[in-house]
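S.K.: The opening residue of the sequence shown carries number 16 in this note's numbering; numbering runs sequentially from there.
My questions all concern the structure below.
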Amino acid sequence: MRTILISFALLVVSMVCKAQDINSIFDKFKHRDNVVFVDVPKELISLGLKSSGNKESEKWAKKIDHLRILTLEDANRSTKRDFKKMIEALSWKDYNDIVKVNDNGEKVRIMTQGTDELIKRLIICSFDKEDCVLVVIDGSILPKDIDGIVNDTTIGK
Numbered sequence: 016m017r018t019i020l021i022s023f024a025l026l027v028v029s030m031v032c033k034a035q036d037i038n039s040i041f042d043k044f045k046h047r048d049n050v051v052f053v054d055v056p057k058e059l060i061s062l063g064l065k066s067s068g069n070k071e072s073e074k075w076a077k078k079i080d081h082l083r084i085l086t087l088e089d090a091n092r093s094t095k096r097d098f099k100k101m102i103e104a105l106s107w108k109d110y111n112d113i114v115k116v117n118d119n120g121e122k123v124r125i126m127t128q129g130t131d132e133l134i135k136r137l138i139i140c141s142f143d144k145e146d147c148v149l150v151v152i153d154g155s156i157l158p159k160d161i162d163g164i165v166n167d168t169t170i171g172k
């Protein structure tokens, strides 16, 4: 009997302490009040980017498989606090930090998952006192493509 109780206790502890991944954050918050969840599959991404008529956009349509956005701008404080705690408690060991900023209470973190040659997942997480945003882009993206976007949007501005 004692062995059964100990086994049950260990099972409960392991379920509570299991490592959470980025998907668990979407699952937990996407149905909460005043939380905006956008889930865009590859087909819709391709349709939108290809219809732009821009060659650069068409190139990106082939590289992005899935886009998910979670915005908590209008959510209550409790929801935002839970979100921040979950983000901070998440195991980021499989991700590489590209950008990590903490400026006057605003925190931005951009991470990648993949290899030096190919990024399979790009995560952008930003929060401050009023707003929380999580963006996850899955696909097959070359690091030089990310560099190109950064250069195009920042040089000369």
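Here a beta-carbon is modelled for each residue, glycine too, at the ideal position from N, C-alpha and C.
1) In this structure, does DSSP put glutamate 71 in helix, strand or coil?
2) How should threonine 130 be labelled, buried or exposed, when 16 other C-beta atoms within 10 angstroms of its C-beta is the threshold for buried?
3) Are leucine 133 and isoleucine 152 touching if we call contact CB-CB under 8 Å?
4) In whole angstroms, what is the alpha-carbon distance linking valine 116 and tyrosine 110?
5) Tell me the DSSP secondary structure of leucine 20 in three-state form.
6) By how many angstroms is the C-alpha of phenylalanine 41 removed from the C-alpha of lysine 74?
7) Alanine 90: buried (16+ other C-beta within 10 angstroms of its C-beta) or exposed?
8) Suppose only complete runs of 3+ residues qualify. What are the beta strand (DSSP E) ranges in the stretch 82-159, listed by chain order?
9) Please report the straight-line C-alpha distance between isoleucine 139 and aspartate 146, rounded to a whole angstrom.
10) Can you tell me the Cα-Cα spacing of lysine 77 and serine 61, whole angstroms?
M.R.: Based on what the coordinates show:
1) helix
2) exposed
3) no
4) 16 Å
5) Model confidence at leucine 20 stands at a pLDDT of 36, short of 50, so the residue's coordinates are unreliable; what they give is reported in the following sentence. Reduced to three states, the DSSP call for leucine 20 is helix.
6) 28 Å
7) Residue environment for alanine 90: buried (at least 16 other C-beta atoms within 10 angstroms of its C-beta).
8) Counting whole runs of 3 or more residues, the stretch 82-159 contains the beta strand (DSSP E) stretches 111-118, 121-129, 134-142 and 147-156.
9) 14 Å
10) 7 Å
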